[in-house]
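J.: Structure below; questions to follow.
Number of protein chains: 2
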Amino acid sequence: MNGAESLLRTLAGAGIEVCFANPGTTELKLVGALDAVPQMRAVLGLFEGVVTGAADGYARMAGKPAATVLHLGPGLGHGLSNLHNARRANSPIVNIVGDHPTHHKSYDPPLESDIETVARSLRGPVRRPENAAGVSQDAISTLADALEPPGQIATLIMPADVSWSDGVVADGNGNQPSVVARPTPAVKPAVIERIAEVLRGGEEAALVIGGPAGRAAGLCAASRIAAATGARVFLELYSSRVEHGAGLPSFPHLGFYPDQVLHQLDGVRHVIVAGTPAPMAFFAYPDKPICLVPDGAQTHVLAEVGQDTTGALTALADLVASGREPEPIGPSRSAMPAGPLTVETWPAVISAVLPEDAIVVDETISSGTGLHAATAGAPRHDVLQACGGAMGDGMPLAVGAAIAAPHRPVIAFEADGCAIYTLSALWTQARERLNITNVILNNRSYATLREEWQHLGTDASDPHTNTLLDLGNPDIDFVGLARAFGVPGSRATTAEELADQLNRAISEPGPHLIEAVIPPIA
Amino acid sequence: MNGAESLLRTLAGAGIEVCFANPGTTELKLVGALDAVPQMRAVLGLFEGVVTGAADGYARMAGKPAATVLHLGPGLGHGLSNLHNARRANSPIVNIVGDHPTHHKSYDPPLESDIETVARSLRGPVRRPENAAGVSQDAISTLADALEPPGQIATLIMPADVSWSDGVVADGNGNQPSVVARPTPAVKPAVIERIAEVLRGGEEAALVIGGPAGRAAGLCAASRIAAATGARVFLELYSSRVEHGAGLPSFPHLGFYPDQVLHQLDGVRHVIVAGTPAPMAFFAYPDKPICLVPDGAQTHVLAEVGQDTTGALTALADLVASGREPEPIGPSRSAMPAGPLTVETWPAVISAVLPEDAIVVDETISSGTGLHAATAGAPRHDVLQACGGAMGDGMPLAVGAAIAAPHRPVIAFEADGCAIYTLSALWTQARERLNITNVILNNRSYATLREEWQHLGTDASDPHTNTLLDLGNPDIDFVGLARAFGVPGSRATTAEELADQLNRAISEPGPHLIEAVIPPIA
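Chains as they are written, first to last, in numbering that gives the first Met the number 0: chain R, 0 to 521; chain G, 0 to 521.
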């Protein structure tokens, strides 16, 4: 067997089941090996941002890494933005990048690029096996790196000659290598006890939870703490995975704008953070603070990112809320609205029709601020967001989520500007017959940037309607784009149309796209 | 005026006329400044690979840099692949990347990324003004860096607070800064004389020319040398800009595969290179050489990349071919073929109908090997290729070329796999009403990778038809994609249809797309 097959067999032996790929010539032996290792499902993306975003979505729903295959530095570059989002989601990814053979690189051929440097910008480890005999051990080490709590992007650069040379599935001692993930480090009891003291003190407190605390156990612990102490609970701004809907406690996300967050935290004397940094501005503005902990309030770190956040929250609840039950939201769908779709009405439609057990991908930016509250009493579902704030993650996340959870309906809500970056995700959805309904919120502008004008302050050089923020002229026909990639499409301009089209899309197998036309922000 | 306006006014004052942009919040003051500086044309791309590829195409045809505006590290990542191609084309680009303010970065906000590290992978200088007063000087220094022969990607990172703070258009001494490009270094006469001696020796020689030698003056000098000495002349594999067609000498490109190049150079005792590295393999294969200079042949460097290649060629011609005239190709179009389009017939159609003074973008990969020879006697035109070999450059290059040369017809020939990476270039073409005809050679596969299977050698694990090389299932409807982005589209399956549709597309203003269906490689 060659080095490429040794790599994939080792990963498959360690439980890795999916490889998202956009290969080139230097990765052809990996393509061949994917055929030879049927335990590993190969999924083709036509753009590397689809590949890396899908690996992120897969990791969030499967709870384990997928592998990628990217073509040299340019392929890694195309994939970098969604690897950034994956890093912020703490998603484990085995990121395989092909390279020229070492004896070729020294000639500086046209496609030569500095893969190591670009990969290191993701802050994860980067390995490069020197020969095919070392591939298996490097594969296992890369997988172990990816699984290092809280999860990271571990890159393995595979030179083409290492792929085509003879390899083995064994570590340096001839044993089939295996990986044992390091357990998530626990928070010291003294830290939890000290924060319990703060809460018992009775001063106004806020609890901001992130990372794994978005799952049911973390939400329930936070709910108990809130019930017992009156602490206000918030989710971080963008969450990797939040369990949401009837039967679970629901908390608002921290706001996008500094003033929103300062309002949410107004009067608080203590800000307790668990699995997320202290509240900060997403973007900076002149004369606005970056740190959004109110003046005079103290910050307390219950759990650092990468520590056992859910365990710490549960232990804290046991200290301050012994015997208290969490307070879940009861089932309650919004009344079905009528008439034209607006930023206000579309989330109510979703609340009214959301199916059981859905996976909701939320890349709605400015158009989706009402979605979270509207769906709190809808049937239970998971919500995935682009944690790093880089646009173009939504439809790829949906690809990965649908492959990890093939029997659940996936609904990806996409701002129009975001959807364009990774359009060819639709083709992968069609090819793999994934049960994804893509809903494009089309306001024909970079609406979030129009809002930002106001927050940056206006001066004579800041027109309100700069053409660079206008996505009309020409209007983009998302229904046409979907059909061209093999995905059935339809257009909704009213609440009734959106509901009908959603119901139909979800009831039919395979992907669909609905273009939901909403008014542009004035 | 703020720092953003100071940046754009300084660049405009130094002659920069176009800014290709995909901005985000951190670049909003640059967006405002683009409205305030009407001398600078702002062109919106919906994906950063369109922005950077367009800047490359513009530089090649305008002979001077455009500016880009990219959003933080993720935006730079998306733009990296076509910046790689631009670097290999030695295209000067003023690459502006917005960033968080310094006081914000220290909080590690969600969109924080290591822009410097990623930008440095492009091997060009990276600057970051510390305050708005220094922006003007940094802008000029960045422009001077970009113009450093042979041209490079010079990056200017603009923190948002530097953009919004008060700035001036002046250098450190209060003067309006200006830039004087360093002249291209000349080749020493002794080097040229020594190579003239080699040629006078009468042994078989090949002359491989690249970079600026693809323009008329370089081609004519090479033609004189060939006429006088019998040297075989070749263009480098992928050229940034070749002047081609009736009235000019025409030389074949070096081949893509090692065996092709070794055949082209068979029997040669001397390989003289001018403005390009010595012949080498584009990709490596087991048991094939990387260096493609034949055994026993000597390599002679007439001009390094970045030296005055055309001057050196002309001086060499004056030494060895005094009084000899260049030998141009006479006007001769191919006979118009009939019947189904194939890899063999479509280039003949182009030869038959190519209009006067066209700009041809060639990203045809495996489908376009016949185009160069077929168009040698067609009306004179320029040819641009993706010099770095990274896919997805063609339609963006066409955008930049059309903006640099608005009165010339631009025809972009695109392999289907390549076109998908930067599809939204079509939207920019529609918005700017650019005279571009996009011809998609649709063989519904990564055909070049199928060819590579053979070259890598087959074994039991290498199936001939791996699904990862198949772009059908579902078939992509490029006509539908074009229309959805506001570009009229049509489909051609015969030579006659392609000719008719090309003639119509070229005669109508604005962009068009023709999907030319050709058989997949078996």
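For every residue, glycine included, the Cβ atom is placed at its ideal position computed from N, Cα and C.
Computed from a predicted structure; not experimentally measured.
What is the DSSP secondary structure of P188 of chain R, reduced to helix, strand or coil?
T.: The answer is helix: DSSP assigns P188 of chain R an H, G or I state.
J.: Looking at the C-beta of Y106 of chain G, does it have a partner C-beta in chain R at a distance below 8 Å?
T.: Judged by the 8 Å Cβ criterion, Y106 of chain G is in contact with chain R.
J.: Quick check on this structure: which residue in R:V30, R:L6, R:G213 has the alpha carbon closest to the alpha carbon of R449 of chain G?
T.: It is R:V30 whose Cα lies nearest to the Cα of R449 of chain G.
J.: Apart from the five residues just before and just after A205 of chain G, which ones in its own chain have a Cβ nearer than 6 Å to its Cβ?
T.: Within the same chain, A205 of chain G has close Cβ partners R231, L264, V267, V270.
J.: Would you call the CB atoms of G393 of chain G and E362 of chain G closer than 8 Å?
T.: Yes, the Cβ-Cβ distance between G393 of chain G and E362 of chain G is below 8 Å.
J.: Within this structure, are the beta carbons of A400 of chain R and G56 of chain R separated by less than 8 Å?
T.: Closer than 8 Å, so yes.
J.: Taking only beta-carbon positions, decide if M279 of chain G is within less than 8 Å of chain R.
T.: Chain R, which has a Cβ nearer than 8 Å to the Cβ of M279 of chain G, makes this yes.
J.: At 8 Å on the CB atoms, spell out the chain G contacts of T116 of chain R, in chain order.
T.: By Cβ distance, chain G contributes T116, V117, R119, S120.
J.: Whose C-alpha, out of G:S140, G:T51, G:D98, is nearest the C-alpha of A88 of chain G?
T.: Checked all of G:S140, G:T51, G:D98; the closest Cα to A88 of chain G is G:T51.
J.: What are the boundary residues of the beta strand (DSSP E) that includes V49 of chain G?
T.: Careful: V49 of chain G lies outside any beta strand (DSSP E), inside the alpha helix (DSSP H) at 47-61.
J.: Find the nearest neighbour of S238 of chain R within the set R:D381, R:L501, R:G200, judged by alpha-carbon distance.
T.: Among R:D381, R:L501, R:G200, the Cα nearest to that of S238 of chain R is on R:D381.
J.: In the DSSP assignment, what are the bridge partners of D144 of chain R?
T.: Looking at the DSSP assignment, D144 of chain R forms no beta bridge with any residue, so it has no partner.
J.: For I156 of chain R, which beta-bridge partners are listed by DSSP?
T.: Answer is R:V96.
J.: Please report the residue range of the beta strand (DSSP E) in which Q38 of chain R lies.
T.: That residue, Q38 of chain R, is in no beta strand (DSSP E); it is neither H nor E in DSSP.
J.: Taking 8 Å as the limit between beta carbons, can you name the residues of its chain near G488 of chain R, skipping five residues before and five after?
T.: Answer for G488 of chain R: F477, V478, G479, L480, A481, R482, H511, L512, I513, E514, listed in chain order.
J.: In the DSSP assignment, find the unbroken alpha helix (DSSP H) run with H454 of chain R in it and report its ends.
T.: Per DSSP, H454 of chain R belongs to the alpha helix (DSSP H) from 446-455.
J.: Taking just the CA atoms, how far does T493 of chain G sit from P577 of chain G?
T.: This structure does not reach residue 577 of chain G, given that chain G is present from 0 up to 521, and the question cannot be answered.
J.: Kindly indicate the opening and closing residues of the beta strand (DSSP E) around C18 of chain G.
T.: 17-20 is the span of the beta strand (DSSP E), which, as asked, contains C18 of chain G.
J.: Between L33 of chain G and T466 of chain R, what straight-line distance do the alpha-carbon atoms span, to the nearest angstrom?
T.: Those two C-alpha atoms are separated by around 10 Å.
J.: Quick one: does E451 of chain G have its CB under 8 Å from some CB of chain R?
T.: By this cut-off, E451 of chain G is an interface position.
J.: In angstroms, rounded to a whole number, what distance separates the CA positions of L27 of chain G and Q151 of chain G?
T.: When rounded, the distance between both Cα atoms is 26 Å.
J.: Could you check the C-alpha separation between C18 of chain R and R193 of chain R for me, to the nearest Å?
T.: Distance between the alpha carbons of C18 of chain R and R193 of chain R is about 45 Å.
J.: Could you give the C-beta distance for L198 of chain G and T228 of chain G, rounded to a whole number, given that I count them as a contact under 8 Å?
T.: Rounded, the Cβ-Cβ distance is 5 Å, consistent with contact.
J.: Please return the same chain residues whose Cβ sits closer than 6 Å to the Cβ of Y445 of chain G, not counting the five positions on each side in sequence.
T.: For Y445 of chain G, where only same-chain residues beyond five positions count, the Cβ hits under 6 Å are G416, L468.
J.: Which residues does DSSP list as the beta-bridge partners of V241 of chain R?
T.: DSSP lists R:V382 as partners of V241 of chain R.
J.: Rounded to a whole number of angstroms, what is the C-alpha to C-alpha distance between I114 of chain R and I349 of chain R?
T.: For I114 of chain R and I349 of chain R, the distance between alpha carbons rounds to 43 Å.
J.: Decide yes or no for the touch test of the segment 107-122 of chain R against the segment 117-128 of chain G: beta carbon pairs closer than 8 Å, at least 3 of them.
T.: These segments touch.
J.: If we cut at 8 Å on Cβ distances, does Y57 of chain G have a partner in chain R?
T.: Not closer than 8 Å to any Cβ of chain R, the Cβ of Y57 of chain G fails to qualify, so no.
J.: With a threshold of 8 Å between beta-carbons, can I435 of chain R be considered close to chain G, or not?
T.: Chain G contact via Cβ: absent.
J.: Would you kindly report the start and end of the unbroken alpha helix (DSSP H) that includes Q500 of chain R?
T.: Counting along the chain, the alpha helix (DSSP H) containing Q500 of chain R begins and ends at 494-506.
J.: Using the C-alpha atoms, what's the distance from V319 of chain R back to L75 of chain G?
T.: Computed Cα separation, rounded: 47 Å.
J.: Mind pulling the chain R residues with CB within less than 8 Å of G479 of chain G?
T.: Those within 8 Å of G479 of chain G in chain R are G479, L480, R482, A483.
J.: Under the DSSP definition of a beta bridge, which residues are partnered with C219 of chain G?
T.: Bridge partners of C219 of chain G: none, in fact.
J.: Give me the residue from G:G72, G:D258, G:G305 with the minimum Cα distance to D286 of chain G.
T.: Residue G:D258 is the option with its Cα nearest to D286 of chain G.
J.: Assign G200 of chain G to one of three DSSP states: helix, strand, or coil.
T.: Here G200 of chain G sits in coil by DSSP.
J.: What residues in its chain sit with their C-beta under 7 Å from that of Q175 of chain G, if we drop five residues either side in the sequence?
T.: Closer than 7 Å at the Cβ level, and outside the excluded window around Q175 of chain G, lie G12, V168, A169.
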